[in-house]
Amino acid sequence: MKKRIVFATNNAHKLSEIRAIAGDRFDILSLDDIGCHDDIPETSDTLRGNALQKARWVKDRYGYDCFADDTGLMVDALDGAPGVYSARYAGPGHDSEANMALLIENMRGVTDRSARFVTEIALIEGDDVRFFTGTVEGEIIDSPCGECGFGYDPVFKPVESGLTFAQMDARSKNAISHRGRATAALVDYLSHKPNTQLR
Ligand code: IMP
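Once you know that position 164 of the sequence shown is 164 in the working numbering, the rest is easy, because the numbers rise by one and skip nothing.
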C-alpha cells in the first residue's frame with residue numbers, strides 16, 4: 001500500500017512540485033482533500049515555528065500525520081530581513097509587487113547583495129516531530145528580470161546560475177531551490193521509512 005500523508009497547504013504550485021519530486025511513491029493529500037478550510041494562524045517569529053504551528057493545527061484538529069512548510073528570504077545587508085515576514089514585507093494587504101519594490105528600494109546603493117532563501121518543513125508523524133531545511137544562496141539584483149515564478153523570483157539570482165529564478169523554468173528552479181531541496185530531504189526520509197498511515 002502507498003504511503004499517504006497530508007501537506008498542510010492548498011497551494012497548487014507547491015502540491016504539484018512535491019508530487020513531481022515524490023513521484024508515485026506517496027499519496028499526498030491537500031487541506032481541501034481532508035475537508036480543512038481553516039485560516040491556519042502563522043504567528044511565530046521563526047520559519048520553523050510557523051511550519052510546526054501549521055502541521056500541529058492539522059494533527060490536533062483532524063488527526064492526520066502531516067507536514068507543513070514556511071519560507072523566507074534572508075538578505076545579509078538588511079540583517080536577515082524580510083525573513084519570516086517575507087509575505088508581508090510591505091505591510092498587511094500588500095502583494096508581491098509591493099514587497100519586491102520595497103526590497104529594491106531598501107537595497108538601493110548597497111554593495112553587499114548576498115541573500116538566501118530558506119525553507120523549513122515540519123513533519124509530525126504520531127508523536128514524532130522532525131524538521132527538514134533547504135537553502136539556496138544568491139544575490140539581490142537591482143531591478144526585476146524574468147516573467148516566471150512568483151514572489152521575489154525576478155530579483156533573486158542563485159549562485160548556481162547566471163539567471164534569476166524568474167528567468168528559469170519550473171524544473172530548473174526546483175532542482176536548486178530552497179523548497180526543492182527541503183522537499184527532496186523530506187521525500188528521502190519518508191522513502192526510507194515503513195508504511196506511513198493516514199491516521
Ligand atoms: P511561503 O511560506 O511559501 O508562503 O513563503 C512566504 C513568502 O516568501 C511568499 O509570500 C513569497 O513572497 C516568498 N517566497 C517563498 N518562496 C519563494 C520562491 O520560491 N520565490 C520567490 N519568493 C518566494
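Don't be surprised by glycine CBs; every beta carbon is placed ideally from N, CA and C.
Check residue i in the structure and name its three-state DSSP category.
i	result
LEU186	helix
ASP38	coil
LYS173	helix
ARG108	coil
GLU137	strand
MET74	strand
GLU97	helix
ASP65	coil
ASN11	coil
ARG199	Its pLDDT being 40, under 50, ARG199 is placed unreliably by the model, and the measurement read from it follows with that caveat. Three-state result, ARG199: coil.
PHE165	helix
ASP153	helix
ASP128	strand
GLY83	strand
Am I right that residue i and residue j are in contact with their C-beta atoms under 8 Å? What's the rounded C-beta distance?
i	j	result
GLU139	ALA166	Wrong, their Cβ atoms sit about 14 Å apart, outside the cutoff.
How far does the beta strand (DSSP E) with residue i in it extend, from its first residue to its last?
i	result
VAL58	It is not in any beta strand (DSSP E) - VAL58 instead sits in the alpha helix (DSSP H) that spans 47 to 62.
ARG25	Here ARG25 belongs to no beta strand (DSSP E), and DSSP marks it neither H nor E.
PRO158	156 to 158
LEU123	114 to 125
LYS3	3 to 7
Below 8 Å between beta carbons: does that hold for residue i and residue j?
i	j	result
VAL136	ILE176	yes
ALA98	ALA90	yes
PRO144	PRO158	no
VAL58	ALA8	yes
Can you find at least 3 beta carbon pairs, one from the region 172 to 191 and one from the region 8 to 28, that sit closer than 8 Å? Contact holds between the region 172 to 191 and the region 8 to 28, because three or more Cβ pairs, one in each stretch, are under 8 Å apart.
Three or more beta-carbon pairs under 8 Å between the region 113 to 124 and the region 64 to 75, yes or no? The region 113 to 124 and the region 64 to 75 touch, with no fewer than 3 CB-CB distances between them shorter than 8 Å.
Within the chosen definition, does the region 43 to 50 reach the region 25 to 35 through at least 3 CB pairs nearer than 8 Å? In short, these stretches do not touch, since the Cβ pair count stays below three.
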